[in-house]
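Enquirer: I have a structure I would like to understand better, so I am pasting it below and will then ask my questions one at a time.
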Amino acid sequence: MSVVECENCSKNGNEKIDNFIQEKQLEINNSRNIVFEWIPYYNKFLDIKEVDKDDFSTVYLAKWEDGPLEWNNNSRKYIRNLKESELKLKYSHNLQNVVEFLNKVKIYSTNFKIFGISQNPDIL
């Protein structure tokens, strides 16, 4: 099991979200696993373009300035992968609570690479 050493990547201040992120990080059992993290700076998503929308969600294509964390065997630590910086952001409409949102993330993460969660500060 790997321990993720990343300032701010596992805490957002909401106990339910923090526990969920910690649970996802504890699932890491090899260097190819995705490091699920709290992405604190929504402004690190660049060139955000809407690509799909329905009654439940809006999907955007964006570039993540920092890129996701991945294990580097040479340095024996996690580093940012800038090559995999293009991604989709999914904004869910009408979620009743955090638990409902986290349950959706858990379901989606079985079929998709989900690097983490963030919050648009304009939509609080």
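Quick note on my numbering: the sequence shown kicks off at 1049 and runs consecutively.
Glycine included, C-beta positions come from ideal geometry on N, C-alpha and C.
Give the C-beta separation of residue 1137 and residue 1093 to the nearest angstrom, bearing in mind that I take them to be a contact with Cβ-Cβ under 8 Å.
Expert: So it is a contact: roughly 6 Å between Cβ atoms.
Enquirer: With distances taken Cα to Cα, identify the nearest neighbour of residue 1064 among 1146, 1162 and 1170.
Expert: Nearest C-alpha to residue 1064: 1146.
Enquirer: Any contact of the region 1112–1126 with the region 1078–1088, i.e. 3+ C-beta pairs under 8 Å?
Expert: Touching, per the Cβ criterion.
Enquirer: How far does the beta strand (DSSP E) with residue 1120 in it reach, from first residue to last?
Expert: Start and end: 1117–1120.
Enquirer: Given a threshold of 16 other Cβ atoms within 10 Å of its Cβ, counted over all protein chains shown, does residue 1130 qualify as buried or as exposed?
Expert: Exposed: under 16 other Cβ atoms inside 10 Å.
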